[in-house]
Amino acid sequence: MMKLRRLLAAFGIFSAGAIAHPHSFIDMNTTFVAKDQRLVGLKMVWVMDEITSA
Numbered sequence: 006m007m008k009l010r011r012l013l014a015a016f017g018i019f020s021a022g023a024i025a026h027p028h029s030f031i032d033m034n035t036t037f038v039a040k041d042q043r044l045v046g047l048k049m050v051w052v053m054d055e056i057t058s059a
């Protein structure tokens, strides 16, 4: 009985990460923004798959 409890506890601990989040496919593009030859920021564009962006 003790082995069964340990086994169930191990499955409970290790399976929690599997249901934590769905997988998403993201295309990302980053562009440097400069002013007077100085880096002032980053411009990022994320394009997500149909399921994530629905």
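If you want our numbering, it's the position in the sequence shown, counting the first as 1, plus 5.
Just so it is clear, CB atoms sit at the ideal spot from N, CA and C, and this is done for glycine as well.
Computed from a predicted structure; not experimentally measured.
query, result
"Residues near leucine 44 in its chain [Cβ-Cβ closer than 7 Å; skip 5 each side]", "Phe37"
"Short Cβ contact (9 Å threshold) for lysine 48 with threonine 57", "no"
"Boundaries (first-last residue) of the beta strand (DSSP E) holding phenylalanine 37", "31–40"
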